[in-house]
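I have placed the structure first, in the form of structure tokens, so that the comments after it can refer back to it.
In UniProt numbering, the protein residues as written are 1 to 902.
Right under this line is the structure:
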């Protein structure tokens, strides 16, 4: 690797394609020769005596750049030192609490409504409130809003949100405490997303224009003692910035720096920065680049954190936790907003939870022992992908799908859940084919059982076998597997059990899952280099105050990368009983999201003993999708609403979601107005944007394709647009049962009258095997083509003399390969013989603990002990020459499939 040194501080390089984290003012000035290649080095315009360590700009790059610092510490949470910025009477900065803020949604001209909304927000505990100010009328209203609030003894600082309106900013600076300016549109026209070639002189003239327009506001803020936020949005970069830097985090930073340099030139320092994006990965990269540049320049301005257009409900909270929580774990952030498509006061609670999480980590300086970090990519996303399982010779089941290439979801399952297998299968989001589970798009990949069922619990063990047979991994602790072995289970071991050799008591070839904290001494981690593991579970106990889960995991990944150990790593978080749902979402988004946004990790396992199973599963998939890994549902970019919004955002958002939520891989932006609309749709495939009152504009990417659509028609027009681009599929049938019932009704009603010679069931989003099996079941149910054993089984009632579900499962497991044979399983004698009119053989409860066996309606064996009855039934079938051994099944199918029976 080429290395070198460079005078620091460092500012940047003049390359239009740069995403490397440099400012614009530098030039490549000389070349060095290192080894057998030419290496370019960059010189700073601010020469100093300190030297910065260099590294390649990217893998294989000849360009050496500084290994930039972006936080106070890489091994623990230390809050970044900043100056204090005063917003009214509220102090922002590292010496003060993390401040909470939100934004009103009412029409600013409606003074009474806005005052009422600010009061509700303040009563919920916000420190700062932002209000949109788009024109002169709104600016005039701001004076009355401020006066009325003061009269009512509400002195909460107010922030004016400004876009495209320098004169409005000047006016409202006379009454509000802080001005938010968007560098992408304060002095520039609205972006047309055009690539424009600039000469150096043309570029400088644009900067001079910005200075001319922006300087009066800076002077006004100095005069009145106002604060300012230079708030870059990924979605509203100017054409100039995008032409020079691309639509990138680098461009976001430079856009803000253009304005910051003017502030500093005028000796104005009462400002903060923000770098917002709807994509948490982009947002994290942009803030890190910003701080790295500030370290280089010696700047200490505070940070306002937020993921813009995060959406609603758990999705919005999860995206915000991923972005904001990640940066708080790095010690970055002095004020935060969680942008939700909900009433603004609903944002305060998740804000407080995030602030508390960040404050606690910084106060305790949670971390691990110092370690050298060389492999993590701070400023660009490069995923470390663990080696997925491959099939090994001699293995009886397929382990290749116990993990998913795009990110895995693991869950814990209890013995109680195994008592109702079909409910468990549904909870795991499998497709059910006549009660049998199959993996689907959002099915849990593997499960952990803290306790295995007893060896004689046939129902539970059959349920686990069926899951294993469809490549769902089943993990059990070493002690459980040694005492109650489950065939083909993977075994959970810790480092002590590995180093002590306890795992060697297992049969050779057993798949291992290793639980690791990440903060163990390196000599204990060494054992990982000498074993073959299917995956690692990274697990730090939730209640350890001084150890940082995030930093422990980073240390673990550094060890794995340094030693070329490529086991997949699953982030396992075991939450305590009683944790609030929002708290769980925010902790999961922070602790696992902070790693996944850096490409560190292959999945998650969230464990919370008193939480709803479906909630944990959905939260896990939301976390992966929020980190831009595994898409299992439609992705929405939805603004939080403000005074500019031209329709009821919550109502329209709900309507669109109801009709389009079944389109995984499709992203839809729902934007209240044009301010950030086109740009924030950078990640979206389709956009629904308020164009004018009562009218909607539709976008494909950043391009408007339909304008002025009446709101009553706009949702259908959006669906039509999705169809035009080949991205639409019809919503799935409610579930497999719905399809089975419709097929049985519509086709069965004809076949039972002898009308028809077969069926063809077509459902584009349903599993092929499910459709095939349902078709054969339909024919067999209409007494046409027999392709499997037929069962007559009573539904159980108070007379039933044995566990009907357990015995039925046991008999089916051993006899399901006998097409042409029918078996009745009846709980008691009441209807037994008569209902077995169509059955060849019968298994009937005769008395408690005793079974009678029938051939047709005739009892042939009485009072057989239940423990022996299934084998006795099989013996009876053999006596009547109706038995074949299971391997014969496939040849029977091939011989009988001649089509004459349907």
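Note that CB positions come from ideal geometry on N, CA and C, so glycine has one too.
Could you have a look at residue 268 and say whether DSSP puts it in helix, strand or coil?
-> Residue state, collapsed to three classes: coil.
May I have the straight-line CA-CA distance separating residue 505 from residue 482, to the nearest angstrom?
-> In a straight line, the C-alpha of residue 505 is about 8 Å away from that of residue 482.
Which residues bound the alpha helix (DSSP H) around residue 742?
-> Residue 742 -> alpha helix (DSSP H) spans 736-746.
Secondary structure at residue 883, three-state DSSP: helix, strand or coil?
-> Here DSSP, grouped into helix, strand and coil, assigns residue 883 to coil.
Beta-carbon proximity check, residue 344 vs residue 117, cutoff 8 Å | Yes, they are a contact pair.
Could you check what DSSP says for residue 130 in three-state terms: helix, strand or coil?
-> Residue 130 falls in the strand class under three-state DSSP.
May I have a chain-ordered list of the alpha helix (DSSP H) segments no shorter than 4 residues that lie completely inside the stretch 558-636?
-> Within the stretch 558-636, the alpha helix (DSSP H) runs of at least 4 residues that lie entirely inside it are, in chain order, 581-591, 593-596 and 613-626.
Pairwise C-alpha distance: residue 440 and residue 886 | Residue 440 has its alpha-carbon roughly 28 Å from the corresponding atom of residue 886.
Tell me which same chain residues have a C-beta within less than 8 Å of the C-beta of residue 760, skipping the five on either side of it?
-> Around residue 760: 775.
With burial defined as no fewer than 16 other Cβ atoms inside 10 Å of the residue's Cβ, what is the status of residue 50: buried or exposed?
-> Reliability of the predicted coordinates at residue 50 is poor, the pLDDT of 37 falling under 50, and no value is obtained from them.
What are the partner residues of residue 408, as DSSP defines its beta bridges?
-> According to DSSP, which records beta bridges pairwise, residue 408 is partnered with 603.
Which word fits residue 500, buried or exposed, when buried means at least 16 other C-beta atoms lie within 10 angstroms of its C-beta?
-> Here residue 500 is exposed: its Cβ has fewer than 16 other Cβ atoms, across all protein chains shown, within 10 Å.
Given a threshold of 16 other Cβ atoms within 10 Å of its Cβ, counted over all protein chains shown, does residue 369 qualify as buried or as exposed?
-> A residue is called buried once 16 or more other Cβ atoms fall within 10 Å of its Cβ, and residue 369, having fewer, is exposed.
6 Å CB neighbourhood of residue 933 in its chain, flanking five on each side removed = Look at the range of the chain in this structure, 1 to 902, and you will see that residue 933 is not part of it.
Assumed close pair residue 478, residue 493 - CB separation to whole angstroms, cut-off 8 Å | Taking 8 Å as the upper bound for CB-CB distance, residue 478 and residue 493 are in contact here, some 5 Å apart.
From which residue to which residue does the alpha helix (DSSP H) around residue 124 run?
-> The continuous alpha helix (DSSP H) containing residue 124 extends over residues 111-124.
Of the residues 851, 848 and 826, which one's Cα is nearest the Cα of residue 839?
-> The residue with the shortest Cα to Cα distance from residue 839 is 826.
Could you give the residue range of the alpha helix (DSSP H) that holds residue 352?
-> That run of the alpha helix (DSSP H) goes 348-364.
With a threshold of 16 other CB atoms inside 10 Å of the CB of residue 725, please say whether the residue is buried or exposed.
-> Exposed.
Which residues share a DSSP beta bridge with residue 686?
-> Note: residue 686 sits in a beta bridge opposite 668 and 700.
For residue 437, does the three-state DSSP call read helix, strand or coil?
-> In the structure shown, residue 437 sits in a strand (DSSP, three-state: E or B).
Determine contact between the stretch 257-276 and the stretch 607-627, defined as no fewer than three beta-carbon pairs at a distance below 8 Å.
-> Touching, no.
From 689, 269 and 283, pick the residue whose C-alpha is nearest to that of residue 302; which is it?
-> Closest by alpha carbon: 269.
Please go through the same chain and pick out, in chain order, the residues whose beta-carbon is closer than 6 Å to the beta-carbon of residue 130, but skip the five residues on each side of it.
-> Only 103, 159 and 161 meet the Cβ criterion.
What span of residues does the beta strand (DSSP E) with residue 103 cover, start to end?
-> Here the beta strand (DSSP E) through residue 103 covers 99-103.
Start and end of the beta strand (DSSP E) containing residue 513?
-> According to the DSSP assignment, residue 513 belongs to the beta strand (DSSP E) that extends over 512-516.
Classification of residue 757 by the beta-carbon crowding that lies within 10 angstroms, buried from 16 upward | Burial call: exposed.
Under 8 Å by Cβ, that's how I've got residue 624 and residue 407 pegged, so tell me the actual separation to the nearest angstrom.
-> Indeed they touch by this definition, with Cβ atoms about 4 Å apart.
Alpha carbon to alpha carbon, how far is residue 658 from residue 514?
-> Here the alpha carbon of residue 658 sits roughly 41 Å from the alpha carbon of residue 514.
Does the stretch 818-825 come within contact of the stretch 876-884, defined as at least 3 CB pairs closer than 8 Å?
-> A contact exists between the stretch 818-825 and the stretch 876-884.
What are the residues that DSSP puts in a beta bridge with residue 841?
-> 823 and 855, per the DSSP bridge assignment.
Would you tell me roughly how many angstroms separate the C-alpha atoms of residue 109 and residue 170, rounded to the nearest one?
-> Each residue's alpha carbon lies about 18 Å from the other.
Starting from the C-beta of residue 571, find all residues in its chain whose C-beta is less than 6 Å away, skip the five residues before and the five after it, and write them out in chain order.
-> Excluding sequence neighbours, residue 571 sits near 538, 592, 601 and 604.
Mind checking which residues open and close the alpha helix (DSSP H) that includes residue 714?
-> Per DSSP, residue 714 belongs to the alpha helix (DSSP H) from 711-724.
Through-space distance from residue 512 to residue 695, alpha-carbon basis | Straight-line Cα distance between these residues: approximately 59 Å.
Does the beta carbon of residue 620 fall short of 7 Å from some heavy atom of the ligand COA?
-> Among the components modelled here there is no ligand, and therefore nothing to report on the ligand COA.
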